[in-house]
Structures are given as structure tokens and as C-alpha cells.
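The letter at position 164 of the sequence shown is residue 165 when you use my numbering, and the numbering goes up by one with no holes. First the structure, in the form of C-alpha cells, and then the observations on it.
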Amino acid sequence: MNNTIEKALLRQQEVERAQREAAAANPAKPDFDENGRRIRRSVSQQPDKPPQYTEKHFDIDLEALQKKGFVSTNSERSHINEEYREIKRKLLANAFGALSSTLNNSNIIMVTSARPSEGKTFTAVNLAMSIATEQDKRVLLVDADVLKPNTLRTLGLKERSGLMEYLLGDVYEIGEVMFRTNVNKLRIIPAGRSHHLSTELLASEAMNNLINEFSTRYPDRIVIIDTPPLIGINESAVLANFAGQAVVVVEEGRSKMSDIQKAVERLNPDMAIGFVVNKSVNTSDTNGYYGYSYYGADREEEDTAQQSSVEADVEKKSSQDN
Numbered sequence: 002m003n004n005t006i007e008k009a010l011l012r013q014q015e016v017e018r019a020q021r022e023a024a025a026a027n028p029a030k031p032d033f034d035e036n037g038r039r040i041r042r043s044v045s046q047q048p049d050k051p052p053q054y055t056e057k058h059f060d061i062d063l064e065a066l067q068k069k070g071f072v073s074t075n076s077e078r079s080h081i082n083e084e085y086r087e088i089k090r091k092l093l094a095n096a097f098g099a100l101s102s103t104l105n106n107s108n109i110i111m112v113t114s115a116r117p118s119e120g121k122t123f124t125a126v127n128l129a130m131s132i133a134t135e136q137d138k139r140v141l142l143v144d145a146d147v148l149k150p151n152t153l154r155t156l157g158l159k160e161r162s163g164l165m166e167y168l169l170g171d172v173y174e175i176g177e178v179m180f181r182t183n184v185n186k187l188r189i190i191p192a193g194r195s196h197h198l199s200t201e202l203l204a205s206e207a208m209n210n211l212i213n214e215f216s217t218r219y220p221d222r223i224v225i226i227d228t229p230p231l232i233g234i235n236e237s238a239v240l241a242n243f244a245g246q247a248v249v250v251v252e253e254g255r256s257k258m259s260d261i262q263k264a265v266e267r268l269n270p271d272m273a274i275g276f277v278v279n280k281s282v283n284t285s286d287t288n289g290y291y292g293y294s295y296y297g298a299d300r301e302e303e304d305t306a307q308q309s310s311v312e313a314d315v316e317k318k319s320s321q322d323n
């Protein structure tokens, strides 16, 4: 009997030793660091479980939004719908066409302006709504204007936890702050709460990893990032390093040419940069809503000519000071 017990104990000790050796060879990654904060991992590193975002939902009042002059997702043809159809075609061509191979993160589009209140959130929301009507594309709208978030308010929604909570480690997965909507192909990530280290958080490895996932995980997804204005705000310059395209919104009769030039100087020179003239009173076919140019070393001469044309058009419309 004693011999049998001793053999059983020896086998148990051997099993436990093998388990310790296996654990030492493949140590489990802890969920928290030495400071008690969650360790950020990419989706591929996270344990398998149902996506959190399937339980979170925004119900947008689409009829009220349409009455306010936004793009509608129904079949109605309107001037605003047609304007944004023209704008998105150029952005989608850059994201998935021949130019995409020359751009880093070509499907990541930042929407910004030189100064506040020029219509960047209006433009970001309209672009997202318009792209959501595409048959083979999905769109994620991210409010990264963490200093003065306005995306949810523009959509008539209450503020929720969002990007900042994820970067701070308050939530484990980005899916926990990614909201489905009643627009089938539209998802939204709110800005979340403000934080005094917002610049550092947006420049963090966690943000870089998040952008990498956005740009590569879903081949049919466009990411629209509503960023702060470019002049005098560090967060926008940080975000410009992540996006492959930038849409700069200028307000007719208000935006100054000097401000537009300063804004463009703060962008990544390898980006595709376009302009939307907001609150335009000129709706003729010959002078459209949207001007587009690409700034790149290999196309410098062509870009100079395009830029001059765009700037001349904007300058004609921006004689008033802010």
C-alpha cells in the first residue's frame, strides 16, 4: 500500500514539475502592470470572447438630422447628398485606388480646420453618413477632438465613454466604446472625458497600435477622425501623423488665407490633402464645393499648380477676418 501511495505522489510531483516548467517557458501575460494599470494589447493578443460593441447602440434621429441639412441615408436626391457623393468619390479613390499604395494608412481620413467653428464636425458627420450608403464599404466615425468633443452633440446623442477611456486603460477593449448605430454600416467611437495629458495619450503606443488595427483589420473600412483645429493645438499635429488623408474645412467669407497656409504646414507632407468650402453660397457646377490636391515629393510640380488653383479659389472666398 505504501509503495502504491509513494508512486502516486511521485507521479503527481512529476506532473506539477512539468506544469511549472511549461509555465516558465511560456509565461502568461498579466492583465495589469506594476502600477496597477491595465496592460494594453491588440485584438489578436486578447482572449477570445464575443465583441463588446454588439451590446452598445446609438439610435440616431435620421429625420431630425435631415431637417438640419445633413446628408440623408434614404434614396432621396438632394443638393447636400450630391455634394458629398462627389467629395467621397475622391476620398474612396485615394483610399482604395492606385494612389493608396503611396499613402500610409490611406483609409484613415482626418477632418480638421484651421480655426474653431468652421464646420469640421458637420463635414465629418456628412462624410460618414454618405460613405455608410456605399454597398461595399463600412465607416467608423471617431471623435478625437478630445478638448471640445462635438460629434455626439451634433448627432443629438448623449456623451458616453470613448477614446480617452480606452487610452487611459479604463476599458480593456476598444469594442467597449465602439457603438453600433441604426445606420447599418456606421460605427461611432466618442471622444470620452477630457484629460490634461490628452496630447501624450494620443501620441502613445496604444493609440499607434489602435490606428494600425483600424487601417489593416477590415479591408473595406474607412475611418473618419474628427480632430481639433490645426492652429495652436498640439493634438491635431499628433493625429496628422496617423492619417493618410486630410480634409481641411474652410468657411467661405471667414477663413483667412494665412490661416489655411499655416494649417497645411502642420500636416504631414506625404498626406493626400483636400479642402471643403463650407457654408458656400456659390452652388454653380463650375465652382464646386470641394478642391483637392496632393502634397508629395514625387509630384511637387504638379502639386504646386493644383495648390495654386485651390488656394486662388479659397482666397477669393475668404476676404473677411475671423
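For every residue, glycine included, the Cβ atom is placed at its ideal position computed from N, Cα and C.
Contacts around residue i, its chain only, beta-carbon distance under 6 Å, and the 5 residues preceding and following it disregarded
| i | result |
| --- | --- |
| Asp299 | Confidence at Asp299 is low in this model, with a pLDDT of 37, below 50, so the placement of that residue is unreliable and no value is reported for it. |
| Gln53 | Because Gln53 sits at a pLDDT of 40, beneath the cut-off of 50, its placement in the model cannot be relied upon, and the point is left open. |
| Ser73 | Gln67 |
Proximity of residue i and residue j at Cβ, strictly below 9 Å
| i | j | result |
| --- | --- | --- |
| Ile212 | Ala247 | no |
| Leu1 | Ala129 | This structure does not reach residue 1, given that the chain is present from 2 up to 323, and the question cannot be answered. |
| Asn151 | Thr124 | no |
| Ser199 | Met165 | yes |
| Phe71 | Ile81 | yes |
| Asp227 | Val140 | no |
| Phe276 | Val239 | no |
| Asn185 | Ala133 | yes |
| Met272 | Leu100 | no |
| Ala145 | Glu201 | no |
Integer-rounded CB distance, given that residue j should sit under 8 Å from residue i
| i | j | result |
| --- | --- | --- |
| Asn183 | Asp60 | 5 Å |
| Thr113 | Pro270 | 15 Å between Cβ atoms; not a contact. |
| Leu203 | Ala241 | At roughly 11 Å, the Cβ-Cβ gap does not stay under 8 Å, so Leu203 and Ala241 are not in contact. |
| Asn279 | Glu119 | 6 Å |
| Phe243 | Lys57 | No, Phe243 and Lys57 are not in contact; Cβ-Cβ is about 24 Å, not under 8 Å. |
| Glu160 | Leu153 | 6 Å |
| Leu138 | Ile223 | Per the sequence shown, residue 138 should be read as Lys rather than Leu. At roughly 6 Å, the Cβ-Cβ gap stays under 8 Å, so Lys138 and Ile223 are in contact. |
Sequence-distant residues of its chain with Cβ nearer than 7 Å to residue i (five each side left out)
| i | result |
| --- | --- |
| Arg86 | Ser131 |
| Ser216 | Asn106, Asn108 and Ile109 |
| Ala65 | Gly157 |
N-terminal and C-terminal residue of the beta strand (DSSP E) that residue i is part of
| i | result |
| --- | --- |
| Ser114 | Ile109 to Ser114 |
| Ile337 | Past the edges of the chain, shown from 2 to 323, lies residue 337, and the structure says nothing about it. |
| Phe180 | Phe180 to Thr182 |
| Ile189 | Leu187 to Ile190 |
| Val126 | It is not in any beta strand (DSSP E) - Val126 instead sits in the alpha helix (DSSP H) that spans Lys121 to Ile132. |
Burial state of residue i, where buried means 16 or more other Cβ atoms lie within 10 Å
| i | result |
| --- | --- |
| Ser285 | With a pLDDT of only 46 at Ser285, under 50, the local geometry of the prediction cannot be trusted, and the value read off the model is given with reservation. Looking at its Cβ environment, which holds fewer than 16 other Cβ atoms inside 10 Å, Ser285 is exposed. |
| Pro191 | buried |
| Ala19 | exposed |
| Tyr256 | The amino acid at residue 256 is misidentified as Tyr; the sequence shows Ser. So Ser256 counts as buried. |
| Asn95 | buried |
| Arg116 | buried |
| Gly254 | exposed |
| Asp221 | exposed |
| Lys89 | buried |
Residue i, enclosing alpha helix (DSSP H) - first and last residue
| i | result |
| --- | --- |
| Leu168 | Leu164 to Leu169 |
| Asp271 | Segment: none, Asp271 is in no alpha helix (DSSP H) and carries neither H nor E. |
| Ala238 | Asn235 to Ala241 |
| Phe215 | Glu206 to Thr217 |
| Arg86 | His80 to Phe97 |
Residues of its chain near residue i, where Cβ-Cβ distance is below 8 Å and the 5 sequence neighbours each way are ignored
| i | result |
| --- | --- |
| Arg188 | Tyr54, Arg139, Val140, Leu141, Leu142, Met179, Phe180, Arg181 and Thr182 |
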